[in-house]
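Take 168 as the starting number for the sequence shown in our numbering and just add one per residue. Below: one structure, written as structure tokens.
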Amino acid sequence: MSGLSIRKLYKAYGAVTAVKGVDLEIGEGELVVLLGPSGCGKTTTLRCIAGLEDITDGSISIGDRVVSEKGRSLPPEQREIGMVFQSYAIWPHMTVAENVAFGLKLKNLPKPEIESRVRSALELVGLTGYSSRHVSQLSGGQQQRVALARAMALEPRILLFDEPLSNLDAKLREKMRFELRQIQQRLGITSVYVTHDQQEAMVIADRIVLMRNGVIEQMGAPEDLYHRPKTLFAAEFVGLANIYSGEARGGEVRIANGPVLKSSGAASGAVDIVFRPEQVRVSSEQPADATNALRATVKESYFLGNIEDLILTVEGIDIRTQLSPAEHRASGSSLWISIPPEAIILLPRGGQMEEAA
Ligand SMILES: Nc1ncnc2c1ncn2[C@@H]1O[C@H](COP(=O)(O)OP(=O)(O)OP(=O)(O)O)[C@@H](O)[C@H]1O
Ligand SMILES: [Mg+2]
Numbered sequence: 168m169s170g171l172s173i174r175k176l177y178k179a180y181g182a183v184t185a186v187k188g189v190d191l192e193i194g195e196g197e198l199v200v201l202l203g204p205s206g207c208g209k210t211t212t213l214r215c216i217a218g219l220e221d222i223t224d225g226s227i228s229i230g231d232r233v234v235s236e237k238g239r240s241l242p243p244e245q246r247e248i249g250m251v252f253q254s255y256a257i258w259p260h261m262t263v264a265e266n267v268a269f270g271l272k273l274k275n276l277p278k279p280e281i282e283s284r285v286r287s288a289l290e291l292v293g294l295t296g297y298s299s300r301h302v303s304q305l306s307g308g309q310q311q312r313v314a315l316a317r318a319m320a321l322e323p324r325i326l327l328f329d330e331p332l333s334n335l336d337a338k339l340r341e342k343m344r345f346e347l348r349q350i351q352q353r354l355g356i357t358s359v360y361v362t363h364d365q366q367e368a369m370v371i372a373d374r375i376v377l378m379r380n381g382v383i384e385q386m387g388a389p390e391d392l393y394h395r396p397k398t399l400f401a402a403e404f405v406g407l408a409n410i411y412s413g414e415a416r417g418g419e420v421r422i423a424n425g426p427v428l429k430s431s432g433a434a435s436g437a438v439d440i441v442f443r444p445e446q447v448r449v450s451s452e453q454p455a456d457a458t459n460a461l462r463a464t465v466k467e468s469y470f471l472g473n474i475e476d477l478i479l480t481v482e483g484i485d486i487r488t489q490l491s492p493a494e495h496r497a498s499g500s501s502l503w504i505s506i507p508p509e510a511i512i513l514l515p516r517g518g519q520m521e522e523a524a
């Protein structure tokens, strides 16, 4: 097993530069998610790691071996990587075991070795007992597990995933996130996982690398990105957020055409103001602590089963909050909210807004 090191990676396709100077160190056994909107360069980065693309500049190393640099590229089959893609790319006319054994046969491994590797790979993904089934008789989730078993049977040093769950229905997709994470942890295999789904990224990642227009916007643990976004783009892309522009001065911030709030940030001048819906506290009575306590009216209220999503009108601005449905508030009702100063994130104005992917 090995870590992965990407230094100043550039990849141009003619006039389009898809990756523009990505620097990334991935530790042994770490699972890093490349997250970002469509076209930001996630797949391109992954394909460069896999050796499916020659790189334009920079270098990629697996362990202490340089596998890609300008003008020199080790072919994919010599990189000891496993790949799992959105289209499972398994052979419909073959059985589960034949699919998993496919790459091992190409490597001319002895038959008993192939059998034992196929058995343990299928066990790992929970498909013991399915070996002689044709893959066309499997569900989508099972087919994706066959693809995973096939990648793992090769005992790769690095696993690469590109949107592996996006062909599955929502429920299965949600379940498979946990499964994939558990399998990866059990194996402790260094992995790079591409998705544009921020929830999937949060569940699966040790570390999220948020990309935008071919560069890394911000990276960190999921909690870091969520609680400490450094740019408006990061604040918007990861999780839900209330976002306003305003002016900060002396521990206070004035939301444009809205209320003045206490904040714990030291920023001053033109800022973007961000806080998460679940940070907004709601009560029927005026809170005893008057800090950032404001009167609010429910403008819209949506029942989502596990939560109730509210849009509130507060001194001329809209604030979104999410409550337990047990605390149901009808449209038109009035209530009090308070926002803890430490929940308010202030970002220097000028972080460019990205159009939604
Ligand atoms: N073979 C290619 N030739 C020319 N341009 C390409 C090629 N592959 C990708 N690009 C361009 O490079 C940029 C990054 O593409 P990439 O596939 O890496 O994006 P992505 O982040 O994986 O997006 P998505 O979420 O839609 O899969 C895009 O502008 C894309 O059009
Ligand atoms: Mg892609």
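The beta carbon of each residue, even a glycine, is placed where N, CA and C say it ideally should be. Because the structure is a prediction, the values reported are computed rather than measured.
Taking C-beta to C-beta, are residue i and residue j nearer than 8 Å?
{"i": "Gly218", "j": "Pro323", "result": "no"}
{"i": "Asn380", "j": "Ile486", "result": "no"}
{"i": "Val474", "j": "Ser491", "result": "It is worth fixing the name first, because residue 474 is Ile in this sequence and not Val. Result yes, Cβ atoms of Ile474 and Ser491 sit closer than 8 Å."}
{"i": "Ile229", "j": "Leu176", "result": "no"}
{"i": "Val447", "j": "Thr488", "result": "yes"}
{"i": "Leu305", "j": "Ala318", "result": "no"}
{"i": "Leu213", "j": "Val361", "result": "yes"}
{"i": "Leu347", "j": "Gly307", "result": "no"}
{"i": "Phe404", "j": "Gln349", "result": "no"}
{"i": "Leu321", "j": "Gly355", "result": "no"}
{"i": "Ile371", "j": "Leu198", "result": "yes"}
{"i": "Pro507", "j": "Val438", "result": "no"}
If we count the other Cβ atoms within 10 Å of its Cβ and call it buried at 16 or more, is residue i buried or exposed?
{"i": "Glu522", "result": "Here Glu522 scores only 35 on pLDDT, less than 50, and its place in the model should not be relied on; the value that follows carries that caveat. Burial call: exposed."}
{"i": "Val183", "result": "exposed"}
{"i": "Pro331", "result": "buried"}
{"i": "Asn275", "result": "exposed"}
{"i": "Gly436", "result": "exposed"}
{"i": "Phe400", "result": "buried"}
{"i": "Gly128", "result": "The structure shown has nothing for residue 128, since the chain only spans 168 to 524."}
{"i": "Arg353", "result": "exposed"}
{"i": "Gln351", "result": "buried"}
{"i": "Leu273", "result": "exposed"}
{"i": "Tyr411", "result": "buried"}
{"i": "Pro389", "result": "buried"}
{"i": "Gly181", "result": "exposed"}
Below 6 Å CB to CB, which residues in the same chain sit around residue i once its five sequence neighbours on both sides are set aside?
{"i": "Ala185", "result": "Lys178, Gly208, Thr211, Gly381"}
{"i": "Val292", "result": "Arg312, Leu315, Ala316"}
{"i": "Asp268", "result": "In the sequence as displayed, the identity of residue 268 is Ala instead of Asp. Hits under 6 Å: Ile281, Val285."}
{"i": "Ser500", "result": "Val465"}
{"i": "Ala402", "result": "Pro396, Ala408, Val441"}
{"i": "Ser505", "result": "Arg448, Pro454, Asn459, Ala460"}
Between residue i and the rest of its own chain, which residues show a CB-CB distance below 7 Å, the 5 nearest in sequence each way excluded?
{"i": "Gly517", "result": "none"}
{"i": "Gly413", "result": "Val420, Arg421, Ile422, Ala423, Val438, Ile440"}
{"i": "Phe470", "result": "Pro492"}
{"i": "Glu509", "result": "Ser431"}
Starting from the Cα of residue i, find the closest Cα among the options and give me that residue.
{"i": "Gly238", "options": "Asp190, Ala434, Glu220", "result": "Glu220"}
{"i": "Gly417", "options": "Ala423, Ser431, Gly406", "result": "Ser431"}
{"i": "Val465", "options": "Asp476, Val359, Thr458, Asp456", "result": "Asp476"}
{"i": "Thr458", "options": "Val420, Ala434, Asp439, Gly170", "result": "Val420"}
{"i": "Leu392", "options": "Cys215, Gly413, Met369", "result": "Met369"}
{"i": "Glu265", "options": "Lys278, Gly307, Ser240", "result": "Lys278"}
{"i": "Asp373", "options": "Ser172, Leu294, Glu195, Leu289", "result": "Glu195"}
{"i": "Gly170", "options": "Ile383, Arg246, Lys187, Glu236", "result": "Arg246"}
{"i": "Ile173", "options": "Tyr180, Gly181, Arg232", "result": "Arg232"}
{"i": "Ala433", "options": "Pro444, Ala415, Ala256", "result": "Ala415"}
{"i": "Glu482", "options": "Phe328, Glu192, Val427", "result": "Val427"}
Which residues does DSSP list as the beta-bridge partners of residue i?
{"i": "His363", "result": "Paired residues: none, contrary to the question."}
{"i": "Gly293", "result": "Answer is none; Gly293 lacks a bridge partner."}
{"i": "Ala179", "result": "Thr184"}
{"i": "Gly387", "result": "Ile375"}
{"i": "Trp503", "result": "Ser450, Arg462"}
{"i": "Ile474", "result": "Looking at the DSSP assignment, Ile474 forms no beta bridge with any residue, so it has no partner."}
{"i": "Pro242", "result": "Pro242 is not bridged to any residue."}
Excluding sequence positions up to five away, which residues of its chain have a Cβ less than 8 Å from the Cβ of residue i?
{"i": "Arg340", "result": "Leu332, Ser333, Glu367"}
{"i": "Trp503", "result": "Val449, Ser450, Ser451, Glu452, Gln453, Pro454, Ala460, Leu461, Arg462, Ala463"}
{"i": "Thr262", "result": "Ser298, Ser299, Arg300, His301, Val302"}
{"i": "Leu294", "result": "Val263, Gln309, Arg312, Val313, Ala316"}
{"i": "His363", "result": "Leu202, Gly203, Pro204, Ser205, Lys209, Glu330, Ala524"}
{"i": "Gly387", "result": "Arg374, Ile375, Arg395"}
State yes or no: is the beta carbon of residue i nearer than 8 Å to at least one beta carbon in chain B?
{"i": "Tyr411", "result": "No chain B is part of this structure, which consists of one protein chain only."}
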